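Counting in this note's numbering, the sequence shown runs without a single skipped number right up to 683 at its last residue. Below is one structure; the comments refer to it alone.
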Amino acid sequence: MLSRLTRSQAVAVCAVPVVALLATAVLAPLPFSVAQPGMTANVLGKNQGTPVITVSGAPTRTTGGQLRMTTIEATGPDARVSLKDVIGNWFRTDRAVMPRDAVYPSGNSVKEIEKHNAEQMQQSQDAATQAALKYLDLSADKVKVDLKLADVGGPSAGLLFTLGIIDKLNGDGSGGDLTGGRTIAGTGTIDATGHVGAVGGVALKTQAARRDGATVFLVPKAECRDAKAELPEGLRLVPVTTLKSAVDSLMALEKGKGSVPSC
Numbered sequence: 421m422l423s424r425l426t427r428s429q430a431v432a433v434c435a436v437p438v439v440a441l442l443a444t445a446v447l448a449p450l451p452f453s454v455a456q457p458g459m460t461a462n463v464l465g466k467n468q469g470t471p472v473i474t475v476s477g478a479p480t481r482t483t484g485g486q487l488r489m490t491t492i493e494a495t496g497p498d499a500r501v502s503l504k505d506v507i508g509n510w511f512r513t514d515r516a517v518m519p520r521d522a523v524y525p526s527g528n529s530v531k532e533i534e535k536h537n538a539e540q541m542q543q544s545q546d547a548a549t550q551a552a553l554k555y556l557d558l559s560a561d562k563v564k565v566d567l568k569l570a571d572v573g574g575p576s577a578g579l580l581f582t583l584g585i586i587d588k589l590n591g592d593g594s595g596g597d598l599t600g601g602r603t604i605a606g607t608g609t610i611d612a613t614g615h616v617g618a619v620g621g622v623a624l625k626t627q628a629a630r631r632d633g634a635t636v637f638l639v640p641k642a643e644c645r646d647a648k649a650e651l652p653e654g655l656r657l658v659p660v661t662t663l664k665s666a667v668d669s670l671m672a673l674e675k676g677k678g679s680v681p682s683c
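Okay, structure coming up:
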């Protein structure tokens with residue numbers, strides 16, 4: 421025989437599964453990654469004691485200023501990200517909650533993802549070398565470029581690699597530095613023809629750039645809006661679509677002549 425529950429008893433009984441469900445939701449892993457500003461590296465210098473760019477078969481120049489590629493750091497593909505983590509980081513300007521599939525290829529193991537990122541980095545380096553030598557009208561049969569950047573994967577350093585190669589080989593074309601002595605940072609993929617592509621995470625990368633002393637940030641034009649979202653004070657955005665537009669903008673900044681686009 422069933423007895424009738426009072427209202428307070430009924431509420432108490434119903435509350436038990438609700439609380440259990442909420443607790444489970446808070447603790448259950450979700451398909452998100454939490455990202456933050458990562459390391460930056462001057463491609464004109466050394467990273468972990470090793471030159472990032474080494475050129476043989478052509479004379480190189482001693483460069484001034486810096487060209488800093490930027491990164492984000494995200495929770496690993498196998499990390500447990502809970503609702504508490506998502507809520508705790510959602511409103512922070514120095515964090516971003518991103519779908520895991522937007523950060524890592526879905527359905528792959530950690531080793532497969534690491535391999536994929538390494539392959540993307542190698543392809544990016546190859547494209548950067550081709551784009552730089554083509555821009556300078558130099559033959560890949562005579563000029564060899566070796567790029568090394570430890571512990572970084574993916575294609576987003578392509579533009580900065582290309583600019584670094586050009587600065588080491590040719591500078592501004594008249595004896596000066598392509599950087600104009602500034603600390604320039606940026607991001608963007610590049611293909612062999614010099615087209616610059618979007619990468620994602622730019623609002624975090626601008627923070628990393630300013631933290632490490634950059635005053636100018638080269639950003640793929642399609643990502644201007646994202647880059648402006650949390651733009652640090654003292655950092656100037658320069659949108660680019662091609663290698664030529666990036667070089668032209670840096671030359672205009674260096675010489676103080678010509679127009680420099682802005683987001």
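C-beta atoms are modelled at their ideal positions from N, C-alpha and C, and glycine is treated no differently. The structure presented is a predicted model; accordingly, all values stated were derived computationally and were not measured.
Reference residue i, options the options, closest by Cα
i, options, result
"residue 452", "515, 623, 536 and 586", "515"
"residue 639", "616, 631 and 535", "616"
"residue 572", "540, 511, 554 and 586", "540"
"residue 523", "574, 661, 546 and 650", "574"
"residue 385", "648, 579, 509 and 464", "Lying before the first or after the last residue shown, residue 385 is absent from the chain, which here runs from 421 to 683."
"residue 641", "669, 457 and 676", "669"
"residue 684", "576, 463 and 511", "Since the first residue of the chain shown is 421 and the last is 683, residue 684 is not available in this structure."
"residue 457", "554, 504 and 513", "513"
"residue 577", "681, 554, 528 and 538", "538"
"residue 683", "503, 672 and 648", "648"
"residue 485", "674, 680 and 467", "674"
"residue 654", "604, 671 and 472", "604"
"residue 547", "581, 678, 529 and 531", "581"
"residue 644", "661, 450 and 632", "661"
"residue 504", "553, 536, 450 and 632", "450"
"residue 594", "671, 677 and 473", "671"
CB contact flag (residue i, residue j, <7 Å)
i, j, result
"residue 646", "residue 619", "no"
"residue 549", "residue 602", "no"
"residue 612", "residue 666", "no"
"residue 659", "residue 630", "no"
"residue 470", "residue 490", "no"
"residue 610", "residue 579", "yes"
"residue 657", "residue 455", "no"
"residue 663", "residue 606", "no"
"residue 567", "residue 545", "yes"
Exposed unless 16 or more other CB atoms sit within 10 angstroms - verdict on residue i
i, result
"residue 482", "exposed"
"residue 492", "buried"
"residue 521", "exposed"
"residue 597", "buried"
"residue 570", "exposed"
"residue 562", "exposed"
"residue 519", "exposed"
"residue 488", "buried"
"residue 446", "Residue confidence is low: residue 446 scores 49 on pLDDT, short of 50, so the model does not pin down where it sits. No coordinate-derived value is stated."
"residue 608", "buried"
"residue 584", "buried"
"residue 421", "Low local confidence applies: a pLDDT of 41 at residue 421 is under 50, so the model's placement there is unreliable, with the coordinate-based value given in what follows. Residue 421 should be labelled exposed."
"residue 511", "exposed"
"residue 507", "exposed"
"residue 517", "buried"
"residue 627", "buried"
Chain D within 7 Å of residue i, Cβ atoms only
i, result
"residue 467", "The chain inventory of the structure shown lacks chain D, comprising one protein chain alone."
Examine the Cβ distances between the segment 553-564 and the segment 473-480 and report whether three or more of them are shorter than 8 Å.
As far as the Cβ criterion goes, the segment 553-564 touches the segment 473-480, which means the pair count is three or higher.
Taking 8 Å as the cut-off, does the segment 492-504 touch the segment 577-595 (at least 3 CB pairs, one atom from each stretch)?
Taking 8 Å as the limit for Cβ pairs, the verdict is that the segment 492-504 does not touch the segment 577-595.
Unbroken beta strand (DSSP E) runs of length 3 or more, entirely within the segment 507-538: which are they?
516-519
Every unbroken beta strand (DSSP E) inside the segment 465-498 [3 residues or more]
473-476 and 486-494
Run through the segment 561-616 for me and flag every whole beta strand (DSSP E) of 3 or more residues, listed as ranges in chain order.
564-567 and 603-606
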